[in-house]
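Below: one structure, written as structure tokens.
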Amino acid sequence: MKKQSYLEYGSVVGERYRIVRTLGTGGMSSVFMAEDLKLPGKQWAVKESVADPQMMKLVRAEAEMLISLSHPRLPGIVDFFEHPPSGAVYLVMDYIEGITLEAYMKGYQGHIPQEQIVPLALQLLDVLDYLHTRQSPVIYRDLKPTNIMLTPEMEFKLIDFGIARSYKAEMNQDTVKLGTVGFAAPEQYGAGQTDARSDLYSLGALLLYLCTGGKYSEWTAGVEGYIRGELPRHLIPVIRKLLRHHPGERFQSAGEVIGELRRSADFQSAQQGVSVGDASIEYGGTRVVAVLGVSSGSGATHTAIAVSHYLARRSRSVALVELHSTAKAFARLQEVVNGVPVGRASSSRRFEVDGVHYWRQTSRADVIALLGGSYQFIVLDLGSGQDNERLEEFLRADYPLVVGSGAEWRIQDIAGLSRSLQRHPQHKWNYCLPLAASEAVRRLRKELDHDQVFALPFHSDPFEQEEEMDQVLDEMFRGAIPDTRKKRFGFLKRSHR
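Each residue of the sequence shown is one higher than the one before, starting from 725 at the first, in my numbering.
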């Protein structure tokens, strides 16, 4: 039974948070948007729970659990207090702007773009892996469309930890049987204790729900006929295994599912012959271009910017991501674009230049989130170096670009990189040599036995269109995009004003 809330518009709780409006209500809780009286302009979500003493233990446990967590897919907790006279407990957390996945699905009549399903799964697996691998594993137990928020930047976040619990190995079964019918694992109804595999079952139910346009979340006879035909077929066995009745027959960890999805996606790409030089390429979701410099100063960032604006001029939606946390190039660019003094870059990591969304000093988790968005191309500026995180993103990209010096005495740097990574398939790689002579390109093509080696012409302003550069990029991306032009961004002219 729903408990009556003690809050209304204008109420102040904790002598700091003034209620603005109701965001949602549940069995024993209500969530409100509140403005911060001490930080003008700041908004929070305030969760009010009113329950009997026994259920209140769950509320306190939720607060303690959330306070201990820190992950970009989870809301941050900033305050927690009780109001003994009313018996209410208040949890103050980040206000997440956006809509639930359920509401987002309704906007597409249940058929969200198929290219968003695997990236969504990877985002959810990322946060589940974080929860499940903590020293005291956290089992979410209520993964469903109404508990997943989608932000305007197409980032997914888990909300409502009301029935999450810590896993205790010595227990045979849960003391409280809770969950949402259709998405909860069988063991949540008394068959045993829930563990990480229970959340993986719920993920399978959620994926099946998305793949059938909201019609099914349980694997029953004939369900295959309702799975959307345009979906990647490798998803079907993954979903089927996630939904096994017995936990021992499912995937055993979120990391195992992540590996399976990535292997399947790579296999599908290879089978379809997806490569930069393949004229049969058709756009089918977000494509990733990864730009890696052979050494510092080789021009990776310059090339990444030029490629991004080339793609944007051809009516592509593009995100340019700086995937190395110590880099300062994008911060300086943001200062120039915003017209602020050096060292005064905005707290926002995203800014825009002529339709290209720049993301400075971005984490791998953010890249996974962006893959679930509406971008047609994501260009990763990996800088130089081969740490595991950046190298993995380079190897996984649809269009890996290696940038090396075009100087005669540095040409062998690229050949050396290729030899050091020879255990990895290199048929998709593209080698870029700024200002290299045609003879140097010819020799490197012969040495590598690889046609995708290009000399990049002099291009002082990577934001501006330059005909020779466009010709090279047209060849590099031949067949991948239509030839549609956009206006240019005069960076050099603006920066000298």
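Cβ coordinates follow ideal geometry from the N, Cα and C atoms, glycine included.
When the Cα atoms are used, Arg1056 and Ser1184 turn out to be separated by approximately 17 Å. Taking 8 Å as the cut-off, the Cβ atoms of Ser753 and Ser773 count as close.
Boundaries of the beta strand (DSSP E) around Ala769: Gln767 to Val774. Shortest Cα-Cα distance from Leu747 to any of Val755, Pro876 and Tyr741 involves Val755. By the CB criterion at 8 Å, Gln1100 and Arg1202 fall outside the cutoff. Under the three-pair Cβ rule at 8 Å, the segment 1076-1083 counts as touching the segment 1035-1044. With contacts defined by Cβ atoms closer than 8 Å, Gly946 and Thr875 do not form a contacting pair. In the assembly as shown, Arg745 is an exposed residue. Its beta-carbon has fewer than 16 other beta-carbons within 10 Å. When the Cα atoms are used, Glu806 and Ala812 turn out to be separated by approximately 6 Å.
Here the alpha carbon of Phe1187 sits roughly 32 Å from the alpha carbon of Pro1149. With respect to Arg865, Thr824 sits apart: the two C-beta atoms are not nearer than 8 Å.
Between the C-alpha atoms of Leu959 and Leu782 there is a straight-line separation of about 36 Å. According to the DSSP assignment, Met873 belongs to the beta strand (DSSP E) that extends over Ile872 to Leu874. Between Leu1044 and Val981, the CB-CB gap reaches or exceeds 8 Å. Look at Thr746 here: in three-state DSSP terms it is strand. A distance below 7 Å between beta-carbons, with the five flanking residues on each side excluded, links Gln838 to the following residues of its chain, in chain order: Arg952, Glu954 and Leu955. Contact holds between the segment 1167-1181 and the segment 1142-1156, because three or more Cβ pairs, one in each stretch, are under 8 Å apart. Going by DSSP, Ile1102 is part of the beta strand (DSSP E) stretching over Phe1101 to Ser1108. In the assembly as shown, Leu846 is a buried residue. Its beta-carbon has 16 or more other beta-carbons within 10 Å.
Beta-bridge pairing by DSSP links His795 to no other residue. Partner residues in the beta bridge of Trp1083, as assigned by DSSP, are Val1045 and Arg1074. If you draw a 10 Å sphere on the C-beta of Gln859, you find fewer than 16 other C-beta atoms in it, and that means exposed. Residue Gly1021 holds the alpha-carbon nearest to the alpha-carbon of Gly1130 among His1174, Gly1021 and Gln1085. For Gly928, the CB contacts under 6 Å within the same chain, skipping 5 residues up- and downstream, are Ile963, Leu966 and Leu967 in chain order.
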